[in-house]
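**Student:** Residue numbers for the sequence shown follow the numbering used here, beginning at 962 and rising by one.
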Amino acid sequence: MQNMSRLSAIRDALAQSPENISLLLLFARECLDEHNTAEAREIFEKVLTLDPGQIDAQLGIARVLYAEGDLSGAAVRAERVLQGDPNYAPAHLLLSRVCLGEGDKARATLHFDRAAQADVTLVDPALERELGRTVRDARRTGPILPPESVFGDALFDADSGPEFFDDPYSGDPPFEWRPETFYAPGDPERSRVTFADVGGMDELKEEIRLKIIYPLQYPDLYKAYGKKTGGGIMIYGPPGCGKSLILRAAAGEVSCNYLSVGLHEIFDPYFGSSERNLHQVFETARANAPCVLVFDEIDSLAMDRRNVRESQLRNLVNQFLHELDALRSDDQRILVIGSTNQPWLIDPAFRRPGRFDQVIFVPPPDELARTQIVELFAHDKPISGLDSAKLVGMTEGFSGADLKWVFDRAAELTLSSAIHAGKSKPVTMELLMDVAKRHSPSAASWFESLKSQPQFSNEDSLLKEVRSFMNASKAK
Ligand code: ATP
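1. Please confirm if the stretch 1188-1197 is in contact with the stretch 1274-1294, defined as three or more CB-CB distances below 8 Å between the two stretches.
2. From the DSSP output, in three-state form, read off glutamine 1273 for me.
3. Run the proximity test for serine 1360: is its beta-carbon closer than 7 Å to any non-hydrogen atom belonging to ligand 1?
4. Quick check: does the Cβ of proline 979 come within less than 7 Å of any heavy atom belonging to ligand 1?
5. For asparagine 1279, does the three-state DSSP call read helix, strand or coil?
6. Which same chain residues, not among the five before or five after serine 1216, have their C-beta less than 7 Å away from its C-beta?
7. Return the CA-CA distance between isoleucine 1196 and lysine 1412, expressed in angstroms with no decimal places.
8. With a Cβ-Cβ cutoff of 8 Å, do valine 1242 and isoleucine 1298 count as a contact?
9. From the DSSP secondary-structure annotation, give me the bridge partner or partners of serine 1422.
10. One question on the structure: do aspartate 1260 and isoleucine 1321 come within less than 8 Å of each other, judged by their Cβ atoms?
11. Quickly, what does DSSP pair leucine 1043 with across the bridge? List them, please.
12. Apart from the five residues on each side of it in sequence, which residues of its chain come closer than 7 Å, Cβ to Cβ, to arginine 1370?
13. Our contact map puts leucine 1142 next to alanine 1210 with C-beta atoms below 8 Å; I'd like the distance itself, whole angstroms only.
14. Are the stretch 1226-1245 and the stretch 1331-1338 in contact at 8 Å, needing three or more beta carbon pairs?
15. Can you look up glycine 1062 in the DSSP assignment and give me helix, strand or coil?
16. Scan the stretch 1176-1221 and note each continuous beta strand (DSSP E) run of 3 residues or more that stays entirely inside, going in chain order.
17. Buried or exposed: where does asparagine 1218 fall if 16 or more other Cβ atoms within 10 Å of its Cβ makes it buried?
18. Helix, strand or coil for tyrosine 1027, going by three-state DSSP, please let me know.
19. Comparing the CB of leucine 1171 with every heavy atom of ligand 3, is any distance shorter than 7 Å?
20. If distances are taken between C-alpha atoms only, which option among Asn1249, Ala1379 and His1225 comes closest to asparagine 1238?
21. Measure from the alpha carbon of glutamate 1409 to the alpha carbon of each residue in Leu1092, Leu1423, Met1431 and Thr1389, then state which is nearest.
22. Counting only the same chain and skipping the five closest in sequence on each side, list residues whose C-beta sits under 7 Å from that of lysine 1204.
23. Would you call the CB atoms of alanine 1023 and arginine 1002 closer than 8 Å?
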């Protein structure tokens, strides 16, 4: 019943804008979920007449065929999609299901692995159960494939199986470590978020450009001025202010390799293994330079050795310092960016020149940044009477995540009332203001907890910017 109301709400919205591709796709997917394959096919075909290259619609037709039991038709369509974009995870997932339907579990597993490597957010618990394999298994043990080498006939040719497992870093030495997030230039998965999706942080954006984007664009100029590429930037600040977001955006912005390291990829209970893992991370970055190497939540890896009792952890911190120094010794063309909510936990040795010599505070967004963020969140959304300036004025101290919550919550409440009313409705400015009024800035507790840190009272230069920020906020 609810689904029917949802369908009719989308149908109403389509009556207003019949050529809105996102709405058409949403509607077609809903039809498919309702097993209404005829209407789903009609809508996907309509999208393709509006935009023949629309990949979701192309795969939509393959999904319709699969739902109708035409496995070979679905496979042909999905393979065609992959010829255009070898890393399109949903097509691999569909092919995995097709292969499983045809009783070919080995090939189903290959496609599943490829989907999982291309997009870890894709989940299909039913398929995982049938294959006895999780997305995590696939990402840790499956082959790493450079995007351009992926399919073509190789995967579908039974004799070429072993080649598929070739290490793309086939130079020497072969690395045991397989990064979970490694994007080569041109990888379609990496370009979704760019600096344009991040409000504010102009200083940080420019630092990243100066250290890796411009040197690659203007190598001769950099040579002429004797400037090296890369270096270290550490960013810190309260939660929800976009640190992780800008790290992701760096991937979409730079035109070189990008490697993001998860802590679980480093820590290992066996003696010496964590250091070796960390070394392999840097080796991989070196082998793939120029490269951006990203450590989110760096405080767990770069902790202050004075607070660490276990020698194993101290060795890991020493290893990290050693790797950063090794990068400095030559123009390694690697930009290392670390981010943390708890800069006071980090060993001061990391802030020495040549290591993380740029330490940048990411505060809650100021008025200009909030304006940009509000515009980003409001873009393309059905909102009536939006008054950005008013919303920005009443959200002083809100982080980007707080603002996101306001928009998400207002959209959720509007959707619920649209479903009950059986017709689509826009989010109203009144609702946005009402939700914002009831929300308190989440960064406040971070600033409060900071006051108890010794570095706050002993005037350590690390927190200088935060102190100025707090004084300026108090003076307002
Ligand atoms: P934490 O330290 O808790 O990981 P963080 O500072 O890394 O927090 P993010 O995880 O990047 O914050 O932010 C959460 C979400 O809030 C983002 O995915 C994004 O939707 C939104 N957001 C935060 N800051 C911004 C910003 N400056 N511009 C646009 N969106 C933002």
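Every residue, glycine too, gets a C-beta built ideally from N, C-alpha and C.
**Tutor:** In short:
1. yes
2. Here residue 1273 is taken as the residue at index 312 of the sequence shown, counted from 1. Correct three-state label for glutamine 1273: helix.
3. For the purposes of this step, residue 1360 is taken as residue 399 along the sequence shown, with counting starting at 1. Yes.
4. One-based indexing of the sequence shown puts residue 979 at position 18. Checking the Cβ of proline 979 against ligand 1 gives no.
5. Residue numbering aside, residue 1279 sits at position 318 when the sequence shown is read from its first letter. In this structure, asparagine 1279 counts as helix in the three-state DSSP scheme.
6. Here residue 1216 is taken as the residue at index 255 of the sequence shown, counted from 1. Excluding positions up to five away in sequence, the list reads Pro1146 and Leu1177.
7. Here residue 1196 corresponds to residue number 235 of the sequence shown, with the count starting at 1. Here residue 1412 corresponds to residue number 451 of the sequence shown, with the count starting at 1. Linking isoleucine 1196 to lysine 1412 through their CA atoms gives a straight-line distance of about 19 Å.
8. Here the question's residue 1242 lines up with position 281 in the sequence shown. Here the question's residue 1298 lines up with position 337 in the sequence shown. Not in contact: valine 1242 and isoleucine 1298 (Cβ atoms no closer than 8 Å).
9. Numbered from its first residue, the sequence shown carries residue 1422 at position 461. Beta-bridge annotation (DSSP): serine 1422 is not paired with any residue.
10. Here the question's residue 1260 lines up with position 299 in the sequence shown. Here the question's residue 1321 lines up with position 360 in the sequence shown. Cβ atoms of aspartate 1260 and isoleucine 1321: not closer than 8 Å.
11. Taking the sequence shown and counting its residues from 1, the one referred to as residue 1043 is at position 82. Beta-bridge pairing links leucine 1043 to no other residue.
12. Translated into the one-based positions of the sequence shown, residue 1370 becomes position 409. Excluding residues within five positions, the ones whose Cβ falls inside 7 Å are Val1396.
13. Working through the sequence shown from its first residue, we reach residue 1142 at position 181. Working through the sequence shown from its first residue, we reach residue 1210 at position 249. Note on identity: in this sequence residue 1142 is threonine, with leucine being the wrong assignment. Not really, about 14 Å apart at Cβ, beyond 8 Å.
14. no
15. What you label residue 1062 is simply residue 101 of the sequence shown in a count that begins at 1. Residue state, collapsed to three classes: helix.
16. If only complete runs of 3 or more residues are kept, the stretch 1176-1221 shows the beta strand (DSSP E) at 1192-1197, in order along the chain.
17. Taking the sequence shown and counting its residues from 1, one reaches residue 1218 at position 257. Asparagine 1218 should be labelled buried.
18. Counting from one through the sequence shown, the residue named residue 1027 turns up at place 66. Helix.
19. As far as ligands go, the structure on display features ligand 1 and does not contain ligand 3.
20. To locate residue 1238, count along the sequence shown from 1; it is residue 277. Taking only the C-alpha atoms, the option nearest asparagine 1238 is His1225.
21. For this step, residue 1409 is matched to residue 448 along the sequence shown. Closest by alpha carbon: Met1431.
22. Taking the first residue of the sequence shown as 1, we reach residue 1204 at position 243. So the list reads Ile1196, Gly1198, Ser1300 and Val1323, once near-sequence residues are dropped.
23. On the sequence shown, position 62 is the one that residue 1023 refers to. On the sequence shown, position 41 is the one that residue 1002 refers to. Inclusion of alanine 1023 and arginine 1002 in the CB contact set at 8 Å is not warranted, their separation being larger than that value.
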